[in-house]
Amino acid sequence: MPDRKYFQPEIETMPQDKLKALQLERLKMMVEKVYYTNDYYRQLYDRAGVKPGDIKHLEDIQKVPFLEKATVRDAYPLKLVCAPRSELLEMHSTSGTTGKPVLVFATKKDIDIWADLNARELWMVGLRPGDSLLNAYGYGLPTGGFGFHYGAHRMGVLAIPTGSGQADRQVDVLVDVGVTAFCMTPSFALYVGQRAVDRGVNLRNAACKIGLFGAEPWPWSTRLRIEELFGITAYDEFGMTEFLGPGMTCECEVRDRKHGMHAWADTFLAECINPETGEPVEDGADGEIVWTSLVFEGSPLIRYRSRDLSALTWEPCPCGRSHPRISSIKGRTDDAVSISGLIVFPSQVEAALTKFEEMGPNFRMTLETDNRSMDFFTLKVELKHERLLNDKTLLTKLDGQMREEVRNIAGVNPKSIEFVAPDSLPRVTAGEGKTASARVEDKRKKG
Ligand code: ZN
């Protein structure tokens with residue numbers, strides 16, 4: 007049988023008008039289902055004055071209230087379950103590091119869909135029946151392990167559940183078994199690759215040709231480094247545990263640096279909003295991605311605010327898949343600030359600054375107002391080594407280049423940049439919500 011380009015050609019290349027019609031049909035059914043089967047949703051929608059019959063066009067989704075992370079935590083443990091208990095086959099969970107976790111339930115049908123979505127992605131990045139996939143995501147409550155595992159099974163690929171950790175064993179299995187593809191976090195890939203180098207193992211000579219990486223933001227430079235270490239082509243994938251990610255979005259062979267990953271529109275409705283106003287942004291503009299599950303039965307989430315900063319476009323892709331694309335996740339939107347009406351994300355500033363190898367661990371934005379009531383911001387940037395502060399030529403060069411890069415990415419120029427010693431600024435911690443206060447100081451007069 008000749009090789010086919012797509013795993014599910016009819017769905018993957020469905021004309022966009024048909025795809026949107028399918029989304030509308032499924033959205034109507036989903037809103038109706040949760041309204042009539044789930045008390046939590048019904049109360050939420052009654053409070054917002056929304057009835058299932060109000061959904062007549064796709065845009066009507068804007069009438070439906072958002073699910074915030076706090077709302078969903080409030081529903082712990084079982085309030086968002088929409089299927090009979092006897093039909094639930096599998097439970098997963100977010101980490102719950104910042105409060106109650108979100109429990110995610112899947113029925114038989116959900117697991118079937120999950121397997122298809124992951125098979126689509128594995129096929130899309132070049133795996134075929136007979137290949138093998140080393141899966142270094144955790145096989146536990148998070149969804150990375152099982153998602154790719156089911157996908158590999160669905161398309162006839164040998165699944166190798168090495169799970170997370172144990173870099174030496176990962177290297178051994180990759181080489182000794184002749185594995186052709188693997189998936190893990192980018193930071194772990196760097197570690198595994200370096201471990202192989204330290205042991206004198208040249209992974210570039212191994213059979214492996216494809217790598218899938220996700221679960222954390224990773225700059226393009228990391229991608230190049232991983233490709234060099236392993237001798238592979240690296241692809242970006244992204245999913246949220248709340249929606250049984252992986253299987254939500256993945257890059258195709260085009261690996262479009264701007265537009266990013268296809269988001270499967272038959273299964274998920276993705277919106278991109280201005281995080282301050284909740285209004286949709288234009289196609290291709292930066293904003294927060296909001297996800298709606300169109301088909302899951304177990305614990306479907308509708309209009310769930312991801313707090314992930316990305317951009318969404320329906321611009322056609324040369325690969326022939328009609329599904330929209332989201333750009334690689336650029337950071338969190340929790341700490342968005344408005345500078346004279348322009349939304350700026352500290353994560354955009356960070357993305358610009360970290361392109362410079364002289365950049366140290368932290369930076370800080372200070373927002374102020376000038377005497378014409380115009381907002382502006384200045385930057386304090388830590389350098390990697392204190393001695394760099396004495397190199398005036400370097401500082402002048404960095405000042406110019408960093409401003410240019412910040413303007414390219416965030417659309418606004420810092421008024422000044424002050425370079426400071428490493429670890430002299432308030433430290434950003436991993437905890438959600440602390441990010442904003444550590445990175446942004448707002449000295450503007452309110453009102
Ligand atoms: Zn494509």
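Our numbering applies: residue 7 is where the sequence shown begins, and numbers increase by one. Every residue, glycine too, gets a C-beta built ideally from N, C-alpha and C.
Would you say residue i touches the ligand ZN, meaning its beta carbon is less than 6 Å from a heavy atom?
i: V131; result: no
i: R327; result: yes
i: C323; result: yes
i: C258; result: yes
Where does the unbroken beta strand (DSSP E) through residue i begin, and where does it stop?
i: K386; result: 381-389
i: S344; result: 343-345
i: V260; result: Here V260 belongs to no beta strand (DSSP E), and DSSP marks it neither H nor E.
i: W297; result: 292-299
i: Y310; result: 310-319
i: V426; result: 423-426
i: T372; result: 365-375
i: D448; result: 446-448
i: N141; result: 138-141
i: E277; result: 274-279
i: A269; result: 267-269
Which two residues bound the contiguous alpha helix (DSSP H) that contains residue i?
i: W129; result: 114-130
i: N414; result: 398-416
i: R79; result: 75-80
i: E356; result: 352-359
i: S17; result: One point to set straight first is that residue 17 is Ile, not Ser, in the sequence displayed. Note, I17: alpha helix (DSSP H), 15-18.
Establish whether the CB of residue i and some CB of chain D are separated by less than 7 Å.
i: F362; result: The question asks about chain D, but that chain is absent: this structure has only one protein chain.
Problem - Given 8 Å, three or more beta-carbon pairs between the stretch 252-271 and the stretch 122-136 - result: yes
Handout entry: Length at least 4, wholly inside the stretch 153-192: the alpha helix (DSSP H) runs in chain order
Key = 173-182
Handout entry: Stretch pair the stretch 217-224 + the stretch 159-179: three plus CB contacts closer than 8 Å
Key = no
Handout entry: beta strand (DSSP E) segments (min. 3 residues) lying fully within the stretch 194-264
Key = 216-219, 239-244
Practice task
Tell me the start and end of each unbroken beta strand (DSSP E) in the stretch 42-115 that is at least 3 residues and wholly inside, in chain order.
Solution key: 94-99, 109-113
Exercise for the section: Could you tell me whether the stretch 377-387 touches the stretch 421-428, using the rule of 3 or more Cβ pairs below 8 Å? Expected result: yes
Practice task
Taking 8 Å as the threshold, find out whether the stretch 312-322 comes into contact with the stretch 281-293 through three or more Cβ pairs.
Solution key: yes
Practice task
Please determine if the stretch 351-365 and the stretch 407-415 are in contact, where contact requires at least 3 C-beta pairs separated by less than 8 Å.
Solution key: yes
Practice task
Tell me, please, whether the stretch 259-279 touches the stretch 324-342 by the rule of three or more beta-carbon pairs shorter than 8 Å.
Solution key: yes
Practice task
Would you check if there are 3 or more beta carbon pairs closer than 8 Å linking the stretch 22-42 to the stretch 303-315?
Solution key: yes
Handout entry: Segment contact, 8 Å Cβ cut-off, at least three pairs: the stretch 337-352 with the stretch 277-286
Key = yes
Exercise for the section: For the stretch 171-189 and the stretch 207-216, state whether three or more C-beta atom pairs, one from each stretch, are separated by less than 8 Å. Expected result: yes
Handout entry: Three or more C-beta pairs below 8 Å linking the stretch 93-105 and the stretch 50-68
Key = no
Problem - Given 8 Å, three or more beta-carbon pairs between the stretch 134-145 and the stretch 234-243 - result: no
Exercise for the section: Report yes or no: do the stretch 102-118 and the stretch 53-62 share at least 3 C-beta pairs separated by less than 8 Å? Expected result: no
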